[in-house]
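> Chains as they are written, first to last, in numbering that gives the first Met the number 0: chain E, 0 to 199; chain V, 0 to 199. All C-beta atoms in this analysis are idealised placements derived from N, C-alpha and C, irrespective of residue type, glycine included.
Protein chains: 2
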Amino acid sequence: MRKGDATRQQIVETALSRAAELGLEGVTLGRLADELQISKSGLFAHFKSKEALQLAVLEEAIELFIEKVVRPAFVRPRGAARVRALFERWIAWFRGEEAGDTGCPFLSLSAEYDDRPGAVRDALVRSQRDWMATIARAAVLAVAEGHFRADLDPAQFAFEFSAIGMSLQYAAKLVADPNAYTHAAAAFERLFVDAAVQPQ
Amino acid sequence: MRKGDATRQQIVETALSRAAELGLEGVTLGRLADELQISKSGLFAHFKSKEALQLAVLEEAIELFIEKVVRPAFVRPRGAARVRALFERWIAWFRGEEAGDTGCPFLSLSAEYDDRPGAVRDALVRSQRDWMATIARAAVLAVAEGHFRADLDPAQFAFEFSAIGMSLQYAAKLVADPNAYTHAAAAFERLFVDAAVQPQ
DNA sequence: CACAAAACCGACCGGTCGTGCTATTCTCTG
DNA sequence: CAGAGAATAGCACGACCGGTCGGTTTTGTG
Numbered sequence: 000m001r002k003g004d005a006t007r008q009q010i011v012e013t014a015l016s017r018a019a020e021l022g023l024e025g026v027t028l029g030r031l032a033d034e035l036q037i038s039k040s041g042l043f044a045h046f047k048s049k050e051a052l053q054l055a056v057l058e059e060a061i062e063l064f065i066e067k068v069v070r071p072a073f074v075r076p077r078g079a080a081r082v083r084a085l086f087e088r089w090i091a092w093f094r095g096e097e098a099g100d101t102g103c104p105f106l107s108l109s110a111e112y113d114d115r116p117g118a119v120r121d122a123l124v125r126s127q128r129d130w131m132a133t134i135a136r137a138a139v140l141a142v143a144e145g146h147f148r149a150d151l152d153p154a155q156f157a158f159e160f161s162a163i164g165m166s167l168q169y170a171a172k173l174v175a176d177p178n179a180y181t182h183a184a185a186a187f188e189r190l191f192v193d194a195a196v197q198p199q
Numbered sequence: 000m001r002k003g004d005a006t007r008q009q010i011v012e013t014a015l016s017r018a019a020e021l022g023l024e025g026v027t028l029g030r031l032a033d034e035l036q037i038s039k040s041g042l043f044a045h046f047k048s049k050e051a052l053q054l055a056v057l058e059e060a061i062e063l064f065i066e067k068v069v070r071p072a073f074v075r076p077r078g079a080a081r082v083r084a085l086f087e088r089w090i091a092w093f094r095g096e097e098a099g100d101t102g103c104p105f106l107s108l109s110a111e112y113d114d115r116p117g118a119v120r121d122a123l124v125r126s127q128r129d130w131m132a133t134i135a136r137a138a139v140l141a142v143a144e145g146h147f148r149a150d151l152d153p154a155q156f157a158f159e160f161s162a163i164g165m166s167l168q169y170a171a172k173l174v175a176d177p178n179a180y181t182h183a184a185a186a187f188e189r190l191f192v193d194a195a196v197q198p199q
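#1: So who's on the other strand from PHE147(V), going by DSSP bridges?
#2: Rounded to the nearest angstrom, what separates MET165(V) and GLN197(E) at their Cα positions?
#3: Is the CB of LEU31(E) under 8 Å away from at least one CB in chain V?
#4: For the region 160-191 of chain E, which residues have a CB atom closer than 7 Å to at least one CB atom of chain V, in sequence order?
#5: CB LEU119(E) to CB LEU57(E), shorter than 8 Å?
#6: Look up ILE61(V) in the DSSP assignment and say whether it is helix, strand or coil.
#7: Please state whether DSSP places LYS172(E) in a helix, a strand or coil.
#8: How many whole angstroms separate the CB atoms of LEU31(V) and LYS49(V), which I take to be in contact at a CB cut-off of 8 Å?
#9: PRO71(V) by DSSP, collapsed to three states: which one?
#10: Using a beta-carbon distance below 8 Å, is GLY102(V) in contact with chain E?
#11: Of the residues ALA79(V), ARG81(V), GLY102(V), which one's Cα is nearest the Cα of ILE90(V)?
#12: Alpha carbon to alpha carbon, how far is ILE61(V) from SER161(E)? Give it in angstroms, no decimals.
#13: Mind checking whether GLU144(E) and ARG77(E) have CB atoms under 8 Å apart?
#14: Can you find the residues in the same chain that come closer than 6 Å, C-beta to C-beta, to GLU59(E), ignoring five residues on each side of it along the sequence?
#15: In the DSSP assignment, the alpha helix (DSSP H) including LYS39(V) goes from what residue to what residue?
#16: Counting along the chain, where does the alpha helix (DSSP H) carrying GLN201(E) start and finish?
#17: Could you give the distance in angstroms between the alpha-carbon of ARG148(E) and the alpha-carbon of PRO104(E)?
#18: Going along chain V in order, which residues have a C-beta closer than 9 Å to the C-beta of ARG94(E)?
#19: To test your reading of the DSSP string, which unbroken alpha helix (DSSP H) runs of 4 or more residues are found completely within the region 98-166 of chain E?
#20: Taking the alpha carbon of LEU108(V) as the point to measure from, which residue in GLU24(V), ARG128(V), GLY3(V), HIS182(V) has its own alpha carbon closest?
#21: Assuming contact is defined by CB atoms lying nearer than 8 Å, are ALA135(E) and ALA154(E) in contact in what I supplied?
#22: I'd like to check one pair, ALA194(E) with LEU151(E): are the Cβ atoms closer than 8 Å?
#23: In terms of alpha-carbon separation, which member of GLN53(V), LEU85(V), ALA51(V), ALA79(V) lies closest to GLU66(V)?
#24: Report the CB separation of ALA138(E) from ALA157(E) in whole angstroms; it is logged as a contact under 8 Å.
#25: Mind checking ALA5(E): buried by the 16 CB within 10 Å criterion, or exposed?
#26: Please state whether the Cβ-Cβ distance between PHE73(E) and ARG81(E) is less than 8 Å.
#27: Mind pulling the chain V residues with CB within less than 8 Å of ALA80(E)?
#28: Chain V partners of PHE158(E), CB-CB under 7 Å?
#29: With distances taken from CA atoms, which of GLY3(E), PHE191(E), GLU34(E), PHE187(E) is nearest THR13(E)?
#30: Would you call ARG1(V) buried or exposed, if buried means 16 or more other Cβ atoms sit within 10 Å of its Cβ?
#31: Enumerate in chain order the residues of its own chain whose CB-to-CB distance from GLY95(E) is below 7 Å, with the five nearest sequence positions on each side excluded.
#32: Tell me the residue span of the alpha helix (DSSP H) that contains GLU87(E).
#33: Mind checking if LEU54(V) is an interface residue toward chain E, Cβ cutoff 8 Å exclusive?
#34: Using a 10 Å radius around the Cβ and a threshold of 16 neighbouring Cβ atoms, would you call SER126(E) buried or exposed?
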């Protein structure tokens with residue numbers, strides 16, 4: 000049916016935006032239904048369980064992330080430009096221009112599920128491994144293009160790349176450091192220069 | 000009275016270890032009482048509200064952090080050695096040798112409260128500002144000692160310092176990367192060398 | 001050893017949680 | 001426009017939530 004799919008999509012989108020603030024466990028069916036102005040049971044009928052809703056929300060977040068961060072960066076030519084685009088898109092994602100200033104949902108979820116086994120955690124881990132692999136792959140291509148040094152460790156690069164983003168979210172959202180974005184940009188520049196082939 | 004203080008301390012300690020897994024909101028009075036084999040009302044009598052318990056738990060965590068991380072590093076001579084000790088102690092804290100392999104409670108709490116206003120968040124923010132200032136202060140002293148370059152930005156140094164720890168927790172706990180600690184050590188080395196005065 | 005205060009307990013409150021089950025309303029299609 | 005089937009609502013459930021209260025046990029002390 001068509002109407003049902005539209006409603007379901009609306010539920011998932013609303014749930015995603017709430018989950019970024021309160022966590023996936025913090026989104027309750029009752030409040031979600033109130034916000035959407037439908038009954039709790041009417042909402043529930045679209046999912047067999049709350050976990051199914053959580054998985055749908057996570058999937059939605061992954062799709063959005065790929066669309067807003069990964070794909071735009073991968074249209075850039077392989078190499079340094081793509082790595083830089085990946086970072087810039089990621090930062091823009093943090094600012095929540097699309098997510099609604101609630102920050103990166105994956106970072107909230109990572110903390111929420113790092114000690115909570117289950118299907119949601121499994122899916123989350125899979126997506127985060129993909130993301131790290133995506134960064135590393137971009138770095139490998141930059142090496143192949145001759146933009147990055149040949150002895151660069153792509154996994155190490157991905158580790159430090161993602162570290163900057165996490166520190167940014169922490170500094171910007173929790174401690175409300177006005178220089179957070181400046182610090183993140185400077186940290187990336189240092190990482191980037193270190194990875195690039197020496198100008199000699 | 001004496002007996003009550005001991006019980007209260009036991010409650011706070013147990014609550015802290017549970018909070019590192021489930022978050023402070025996830026610790027419920029009933030379960031906590033069951034685990035301690037006391038009644039829920041007997042437990043509750045030690046605090047005027049759940050928020051008061053949460054604040055007590057946070058205070059306990061701060062004390063523990065200072066005792067296990069900050070103080071041991073600050074007995075080292077000011078300068079590069081102290082900065083390095085600070086990092087090493089912090090990493091050891093992550094491994095949870097004292098906290099019981101649940102990772103750093105402050106990182107979990109940061110994600111949990113970055114969108115949840117209240118007294119707990121305020122206290123958390125204060126403690127995290129202190130921690131960042133502590134790192135920056137150690138860097139400033141290293142500059143004064145001639146170990147770090149004079150043009151080093153201490154806030155930038157603290158930003159990247161903390162970034163490594165966050166990425167470590169994320170990599171080690173969520174994605175279960177076996178090389179997480181190696182990556183963290185390498186990242187710190189890069190940060191440290193960049194901050195040090197050039198051998199020239 | 002008595003006795004007040006502190007510590008603790010069990011029962012209970014209103015509310016909300018996730019989740020079923022049954023009816024009703026809506027929507028697409030023949 | 002009628003009827004089938006999807007979409008949604010109403011209602012109730014058992015469990016658990018933070019919190020309250022009156023009473024009982026334990027503890028430190030004069």
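So, from the listed chains and residues:
#1: ALA195(V)
#2: 29 Å
#3: no
#4: SER161, ALA162, ILE163, MET165, SER166, TYR169, ALA170, LYS172, LEU173, VAL174, ASN178, HIS182, ALA185, ALA186, ARG189
#5: The question names Leu, yet the displayed sequence has Val at residue 119(E). Their beta carbons are under 8 Å apart, which means VAL119(E) touches LEU57(E) by this criterion.
#6: helix
#7: helix
#8: Incorrect: roughly 10 Å between the Cβ atoms, too far for contact.
#9: helix
#10: yes
#11: GLY102(V)
#12: 27 Å
#13: yes
#14: VAL11, LEU15
#15: 39-43
#16: Residue 201(E) is absent from the model: chain E starts at 0 and stops at 199.
#17: 33 Å
#18: The contacting residues do not exist; ARG94(E) stays about 15 Å from chain V at best.
#19: 104-112, 118-143
#20: GLU24(V)
#21: yes
#22: yes
#23: LEU85(V)
#24: 7 Å
#25: exposed
#26: yes
#27: Simply none; closest approach about 23 Å.
#28: SER166, ALA170, HIS182, ALA186
#29: GLU34(E)
#30: exposed
#31: THR101, GLY102
#32: 79-94
#33: no
#34: buried
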